[in-house]
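Undergrad:
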Amino acid sequence: MGTQQILLIVLSVIIVGVAIAVGITMFRNQAVNSNAQQLAAEATNIRNEIVQWYKTPADQGGAGRVVTDTNIPVLFTRVDANGTGLINKPNIGTFQVYIAAADTAVTIGALGVEKKGNNLPTFVVDFNLASGEVTTATPDFGTGMPGN
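5 is the number of the first residue of the sequence shown in my numbering; add one for each residue after it.
#1: What is the rounded straight-line gap between the Cα of Phe131 and the Cα of Leu15?
#2: Closest to Gln100 by C-alpha separation, out of Ala141, Ala62 and Asn86, would be which residue?
#3: Going by C-alpha distance, which of Phe80, Ala47, Leu90 and Ala44 is nearest Tyr58?
#4: So the beta strand (DSSP E) Leu115 belongs to, where does it begin and stop?
#5: So, at 7 Å on beta carbons, what are the nonlocal neighbours of Ala105 in its own chain, with the 5 sequence-adjacent residues on each side left out?
#6: Roughly how many angstroms lie between the CA atoms of Gly136 and Asn52, to the nearest whole one?
#7: Can you tell me where the beta strand (DSSP E) holding Asn92 begins and where it ends?
#8: Using CA coordinates, which residue listed in Leu12, Pro143, Val36 and Ala67 is at the minimum distance from Lys119?
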């Protein structure tokens, strides 16, 4: 085999190796971005469920537009939480609902599952129960549950 043929084979192996590395990086970045979008979508779904619960009359299982210490556990049960406001969605992430009695401000913190370095995608949404209006929605990266 000639020197040119060996150089061509070596060059081809290098190019294929670089292409594979770039493909893996692109796939990983897409997985992280997809997870971040899933967090935002699921946090929006949870927010909609909470606002619906708040506006539903108390005799129909809702809050009747009043948040109390006794009806917060009902809310947590409604959004599939474990009684503490912690919601685990496999393959998406973990969500924490922060709400206080007699308060119309709610915060939902979300922590994703796809790692980017040592960080995970996070998402925080703050909203008003009475109006359903979102005051802040912040995507980021971190290592712990964001929120209150």
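Think of the CB as a built atom: it goes at the ideal place given N, C-alpha and C, for glycine as much as any other residue.
Since we're looking at a predicted model, the values are computed, not measured.
TA: The relevant details are as follows:
#1: Within the sequence shown, the letter at position 127 stands for residue 131. Within the sequence shown, the letter at position 11 stands for residue 15. Straight-line Cα distance between these residues: approximately 56 Å.
#2: Along the sequence shown, one-based indexing puts residue 100 at 96. Of Ala141, Ala62 and Asn86, the residue nearest in Cα terms is Asn86.
#3: Along the sequence shown, one-based indexing puts residue 58 at 54. Comparing Cα-Cα distances from Tyr58 to each of Phe80, Ala47, Leu90 and Ala44, the minimum goes to Phe80.
#4: One-based indexing of the sequence shown puts residue 115 at position 111. From DSSP, the beta strand (DSSP E) with Leu115 extends over Ala109 to Gly116.
#5: If you number the sequence shown from 1, residue 105 lands on position 101. Excluding residues within five positions, the ones whose Cβ falls inside 7 Å are Val71, Thr72, Asp73 and Ile76.
#6: Mapped onto the sequence shown, residue 136 falls at position 132. Mapped onto the sequence shown, residue 52 falls at position 48. Their Cα atoms are separated by approximately 8 Å.
#7: Within the sequence shown, numbered from 1, the residue matching residue 92 stands at position 88. Asn92 -> beta strand (DSSP E) spans Leu90 to Lys93.
#8: Taking the sequence shown and counting its residues from 1, one reaches residue 119 at position 115. It is Val36.
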